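Q: Here's a structure for you.
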Amino acid sequence: MSHNLRLAFIIIGLGVMAWFITPTVRWYFFTSDDKKEESNMSLDEMIAKGYTKEQIDNIQSLKRLRNESVNMGLDLQGGIRIVLQADFEEYANRIDRTVSSLTAEEKNDAMERLISRLRGRIDQFGVSEVGIRKQGEDRVVVELPGARDPDRIKSVVLSQGALTFNLVDEAATATLTTNDMLMGVFTNTAKVPEYGKQLYFYSEKDDFGRRIRGAPVIVNKEPSLEGSALINAQVGGGQFGEVTVEFELNNEGSEQFALVTAQNKNRMLAIVLDDKVISAPNINDEIRGGRGVITGRFTLEEAQDLARILKEGALPLNVSIVEEEVVGQSIGADSVKAGATALLMAAILVAVFMIAVYRVSGVLATIAMIVNVVLIIAVLSPLRFTLTLPGIAGLILTIGMAVDANVIIFERIKDELKVKSSVADAIISGYDRAFATIFDSNITTIIVALILWIFGSGPVQGFAITLFFGILINLFTAVFITRYIYEEIIRTKIVKKAGFFFI
C-alpha cells in the first residue's frame with residue numbers, strides 16, 4: 001500500500017471515529033449533573049410538571065445524546081437488578097390446559113410477550129440502557145442502571161395489569177354484617193351471598209400514604225368491560241386539582257361502555273386492577289365517546305405508573321421476584337474508580353516498559369496504545385454499548401495485546417537491521433514480515449471473541465465486545481498509524497542510525 005493511500009485511510013478512519021465519539025465526550029464532559037438527571041424524566045412527568053414545549057424538546061435532545069453515548073452499567077453507576085420467575089401453572093389453568101401440555105414454542109412465545117410488555121412499562125421510566133433478557137425457560141432478568149427507586153420499579157414490574165370494569169352489587173355489599181367483617185372478610189373467607197358474584201377490597205391509603213386493604217365490596221363476577229379495550233391512558237387532573245388517570249377505549253369498547261352506562265344509571269361501576277378496587281364511581285348518565293377517568297387519591301408517581309401499566313396492557317404471565325440486587329450509587333462510584341485505576345496502572349506500566357526497552361519506538365507504541373483506547377470507545381458509542389467491569393477487563397487485555405503486536409514488529413525490525421544496510425529498509429521489511437504473524441495471532445482471538453459475543457450474555461458478552469473491537473483497532477493502529485509515522489520519519493530523513501531514535 002502506498003504512503004498516501006495509507007494516510008487517506010488514517011484520515012478517514014480517525015474522522016469517522018471522531019464523529020462516533022463526539023456524543024460520549026459531550027455527555028460525560030460537557031453535560032451537567034442536573035441536565036443528566038433531567039434526562040431520566042418520562043414524558044408524562046414533564047407534562048405533569050408543566051414544562052414548555054421548548055423545555056421538553058431540550059430534554060428529548062439530552063435523551064438522544066445519552067442514548068448515542070457509551071453508558072455505564074449497573075456495577076459502575078449503581079441501579080437495580082431483579083430476576084423474575086414466570087408462573088406457567090397459573091397461565092395453563094387460565095387457558096384450561098396443564099403445564100405438561102404446553103409446548104416449548106408456546107412457552108417461548110409467552111415469555112417473549114412478557115419481555116415485550118415489561119420493556120414497554122420500564123422504558124417509560126426514562127432509565128438509560130434497560131437490560132431485559134430471558135434466563136432459562138421461565139425466568140427474566142431485568143437490569144436498570146441508574147435506577148434509584150426499587151419499590152416503585154418492583155410495583156410496576158409485578159403488577160399484572162389486569163383491568164376490568166365490574167358492576168357493584170350494592171345490596172349484597174350492604175348485607176356484609178359486622179360479624180362477616182370480623183369472621184372472615186379480611187382474610188378472604190367470608191361467604192359471597194350469591195353465585196356469579198366476586199368479593200374484592202378497595203385499595204385505600206393509610207395516614208402515612210401507604211396502600212392498604214380497604215372496605216369490602218361485592219361485584220358481578222363477569223366484567224362489564226375488559227381492560228383490553230383500552231388504547232391509551234395518561235395522567236390528568238380532576239376538577240378539584242386531584243391527580244387522575246384518563247383513559248380512551250377502542251371503537252368496540254366505546255360502544256360497550258356506552259351500553260353499560262346507559263342500562264345501569266344510578267349504579268356503581270367498580271374499576272378493578274389486579275383484584276383490587278381502585279374506585280367505584282356512580283353512573284349518572286350514559287357515557288359516549290369512549291373516554292373516562294379513574295380516581296383514587298393517587299400521587300403523581302402512582303398515576304404515572306398506573307397509566308403506563310394500562311397503556312402497555314396486562315402481562316401474559318404472572319411473575320414473582322426470586323432474586324433482587326440493589327447496587328448503591330457510592331458502590332458504583334467505587335467500582336468506576338477501581339476500574340479506572342486498574343486501566344491507568346496497566347497503561348503506565350506498559351508504557352514504562354516499552355519506552356525503557358524500545359526508546360522512541362516505545363513512545364510511539366504508547367501513543368498508539370492511548371489512541372487504541374479512545375478508538376475503542378468511539379466504536380462502541382454508536383452501538384449503545386453499556387460498559388461494565390468485565391468490559392473494562394476487556395480494555396485492559398486489549399492494551400496488553402496492542403503492546404504484543406508492537407513487540408513483534410520491533411523485534412522483527414531488530415532482526416532485519418542485522419542484514420539490511422539502512423534503517424529505512426529494515427523498518428519497511430520488518431513491518432511487511434511481521435504483519436502475517438500479527439494477523440495470525442490475532443485472528444484466533446477474534447474468532448473466540450465473536451463466539452463469546454454471539455452465544456454469551458451479560459458480563460461475558462460485554463467482555464467479548466470490547467475484546468473483539470479492541471483487536472480490530474489494534475491491527476488498524478499497528479498496520480496504519482504507527483507504520484505511517486515511521487515512514488514519515490524515514491521520508492524526512494530524521495533517522496540515520498538505528499540506536500539514535502529507534503531500536
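In UniProt numbering, the protein residues as written are 1 to 503.
Backbone N, C-alpha and C define an ideal beta-carbon position, used for all residues, glycine too.
Remember, it's a predicted structure, so these values are computed and weren't measured experimentally.
Quick one: what's got a C-beta closer than 7 Å to residue 456's C-beta in the same chain, skipping five residues either side?
A: In the sequence shown, counting from the first residue as 1, residue 456 sits at position 456. Excluding positions up to five away in sequence, the list reads 464.
Q: Give a yes or no on whether the C-beta atoms belonging to residue 483 and residue 431 are separated by under 9 Å.
A: The residue labelled residue 483 in the question sits at position 483 within the sequence shown. The residue labelled residue 431 in the question sits at position 431 within the sequence shown. Against a cut-off of 9 Å, the Cβ pair of residue 431 and residue 483 comes out as a contact.
Q: Answer yes or no: do residue 204 and residue 97 have a C-beta to C-beta separation smaller than 9 Å?
A: Start at 1 with the first residue of the sequence shown, and residue 204 comes out as number 204. Start at 1 with the first residue of the sequence shown, and residue 97 comes out as number 97. Not in contact: residue 204 and residue 97 (Cβ atoms no closer than 9 Å).
Q: Please classify residue 5: is it buried, with 16 or more other beta-carbons within 10 angstroms of its beta-carbon, or exposed?
A: Your numbering for residue 5 matches position 5 in the sequence shown. With fewer than 16 other Cβ atoms within 10 Å, it is exposed.
Q: Could you have a look at residue 179 and say whether DSSP puts it in helix, strand or coil?
A: Your numbering for residue 179 matches position 179 in the sequence shown. Unreliable placement is indicated for residue 179, whose pLDDT of 47 sits below 50; the coordinate value is still reported in the next sentence. The answer is helix: DSSP assigns residue 179 an H, G or I state.
Q: Under a three-way DSSP split, which group does residue 234 fall into?
A: On the sequence shown, position 234 is the one that residue 234 refers to. It is a strand residue.
Q: In chain order, what residues of the same chain lie with their CB nearer than 6 Å to the CB of residue 90, ignoring the 5 residues before and after it?
A: By one-based count along the sequence shown, residue 90 stands at place 90. Around residue 90: 318.
Q: Between which two residues does the beta strand (DSSP E) harbouring residue 273 extend?
A: Along the sequence shown, read from residue 1 onward, the residue named residue 273 stands at position 273. Counting along the chain, the beta strand (DSSP E) containing residue 273 begins and ends at 269-273.
Q: By alpha-carbon positions, which one of 384, 434, 416 and 345 ends up nearest to residue 396?
A: As a first step, residue 396 is located in the sequence shown; it is residue number 396 there, counting from the start. When only C-alpha atoms are compared, the closest one is 345.
Q: According to DSSP, is residue 422 helix, strand or coil?
A: Working through the sequence shown from its first residue, we reach residue 422 at position 422. Correct three-state label for residue 422: coil.
Q: So, at 7 Å on beta carbons, what are the nonlocal neighbours of residue 500 in its own chain, with the 5 sequence-adjacent residues on each side left out?
A: Looking up residue 500 in the sequence shown gives position 500. Only weak support exists for where residue 500 lies, its pLDDT of 49 falling under 50; the value from the coordinates is given anyway. Correct list: empty, nothing qualifies.
Q: One question on the structure: do residue 278 and residue 300 come within less than 9 Å of each other, judged by their Cβ atoms?
A: Here residue 278 is taken as the residue at index 278 of the sequence shown, counted from 1. Here residue 300 is taken as the residue at index 300 of the sequence shown, counted from 1. No, the pair does not count as a contact, with Cβ atoms beyond the cut-off.
Q: Does residue 401 come out as helix, strand or coil in the three-state DSSP assignment?
A: Locating residue 401 in the sequence shown gives position 401, counting from the first residue. If DSSP states are grouped into helix, strand and coil, residue 401 belongs with the helices.
Q: Determine the extent of the alpha helix (DSSP H) in which residue 155 is found, giving its start and end residues.
A: Your numbering for residue 155 matches position 155 in the sequence shown. It spans 150-158 - the alpha helix (DSSP H) in which residue 155 sits, taken as one unbroken run.
Q: Could you tell me the distance, in whole angstroms, from the CA atom of residue 505 to the CA atom of residue 37?
A: Outside the modelled stretch of the chain, which goes from 1 to 503, sits residue 505, for which no answer is possible.
Q: With distance defined between alpha-carbon atoms, name the residue in 139, 447 and 316 nearest to residue 83.
A: The residue labelled residue 83 in the question sits at position 83 within the sequence shown. Answer by Cα proximity: 139.
Q: Should residue 370 and residue 393 be called a contact, given that it needs their Cβ atoms to be closer than 9 Å?
A: Numbered from 1 along the sequence shown, position 370 holds the residue referred to as residue 370. Numbered from 1 along the sequence shown, position 393 holds the residue referred to as residue 393. Not a contact, by the Cβ cut-off of 9 Å.
Q: Based on Cα-Cα distance, which residue from 480, 489 and 491 lies nearest to residue 8?
A: In the sequence shown, counting from the first residue as 1, residue 8 sits at position 8. Cα-wise, what sits closest to residue 8 is 480.
Q: Name the residue from 288, 273, 245 and 492 whose alpha carbon lies nearest to the alpha carbon of residue 254.
A: Locating residue 254 in the sequence shown gives position 254, where the first residue counts as 1. Nearest C-alpha to residue 254: 288.
Q: Give the straight-line distance between the Cα atoms of residue 591 and residue 309, rounded to the nearest whole angstrom.
A: Since the displayed the chain opens at 1 and closes at 503, residue 591 lies outside it and no answer follows.
Q: Which residues does DSSP list as the beta-bridge partners of residue 504?
A: Beyond the ends of the chain as shown, which are 1 and 503, falls residue 504; an answer cannot be given.
Q: Spell out the partners DSSP gives residue 282 in its beta bridges.
A: Stepping through the sequence shown from its first residue, residue 282 is reached at position 282. BP columns for residue 282 point to 268.
Q: Indicate whether residue 404 and residue 441 have their beta-carbon atoms separated by less than 9 Å.
A: Locating residue 404 in the sequence shown gives position 404, where the first residue counts as 1. Locating residue 441 in the sequence shown gives position 441, where the first residue counts as 1. The answer is yes: Cβ separation under 9 Å.
Q: Would you check if there are 3 or more beta carbon pairs closer than 8 Å linking the region 216-232 to the region 158-175?
A: Yes, since at least three Cβ pairs between the region 216-232 and the region 158-175 fall closer than 8 Å, the two stretches touch.
Q: Within 10 angstroms of the Cβ of residue 19, are there 16 or more other Cβ atoms? Answer buried if so, exposed if not.
A: For the purposes of this step, residue 19 is taken as residue 19 along the sequence shown, with counting starting at 1. So residue 19 counts as exposed.
Q: Report the rounded CA-to-CA distance for residue 486 versus residue 364, giving the unit in angstroms.
A: Translated into positions along the sequence shown, residue 486 becomes position 486. Translated into positions along the sequence shown, residue 364 becomes position 364. Cα-Cα distance, rounded: 9 Å.
Q: On a Cα-Cα basis, can you pick out the residue from 232, 66 and 269 that is closest to residue 225?
A: The residue you call residue 225 lines up with position 225 of the sequence shown. Taking only the C-alpha atoms, the option nearest residue 225 is 269.
Q: With residue 54 as the anchor, note down where its alpha helix (DSSP H) starts and where it stops.
A: Stepping through the sequence shown from its first residue, residue 54 is reached at position 54. Start and end: 53-67.
Q: Run the CB neighbour count on residue 161, radius 10 Å, all protein chains shown included, and call it buried at 16 or more, exposed below.
A: Taking the first residue of the sequence shown as position 1, residue 161 is located at position 161. Burial call: buried.
Q: Could you tell me the boundaries of the beta strand (DSSP E) in which residue 131 lies?
A: Residue mapping note: residue 131 aligns to position 131 of the sequence shown, counting from 1. Start and end: 131-135.
Q: Can you say whether residue 79 is buried or exposed, counting buried as having 16 or more other CB atoms within 10 angstroms of its CB?
A: Taking the first residue of the sequence shown as 1, we reach residue 79 at position 79. It is buried - the Cβ of residue 79 has at least 16 other Cβ atoms within 10 Å.
Q: Count the other CB atoms within 10 Å of the CB of residue 385; is the residue buried (16 or more) or exposed (fewer)?
A: In the sequence shown, the residue the question calls residue 385 occupies position 385. Residue 385 is buried by the Cβ-count criterion.
Q: List the endpoints of the continuous beta strand (DSSP E) containing residue 35.
A: On the sequence shown, residue 35 is found 35 positions in, with the first residue counted as 1. Residue 35 -> not in any beta strand (DSSP E); alpha helix (DSSP H) instead, spanning 33-38.
Q: Under DSSP, the alpha helix (DSSP H) around residue 462 begins and ends at which residues?
A: For the purposes of this step, residue 462 is taken as residue 462 along the sequence shown, with counting starting at 1. Element bounds for residue 462: 459-476.
Q: Taking DSSP's pairing of strands, which residues face residue 276 in a bridge?
A: Here residue 276 refers to the residue found at position 276 of the sequence shown. Note: residue 276 sits in a beta bridge opposite 201 and 273.
Q: When the Cα of residue 467 is compared with those of 445, 488, 492 and 476, which residue comes out closest?
A: Counting from one through the sequence shown, the residue named residue 467 turns up at place 467. Nearest option by C-alpha distance: 445.
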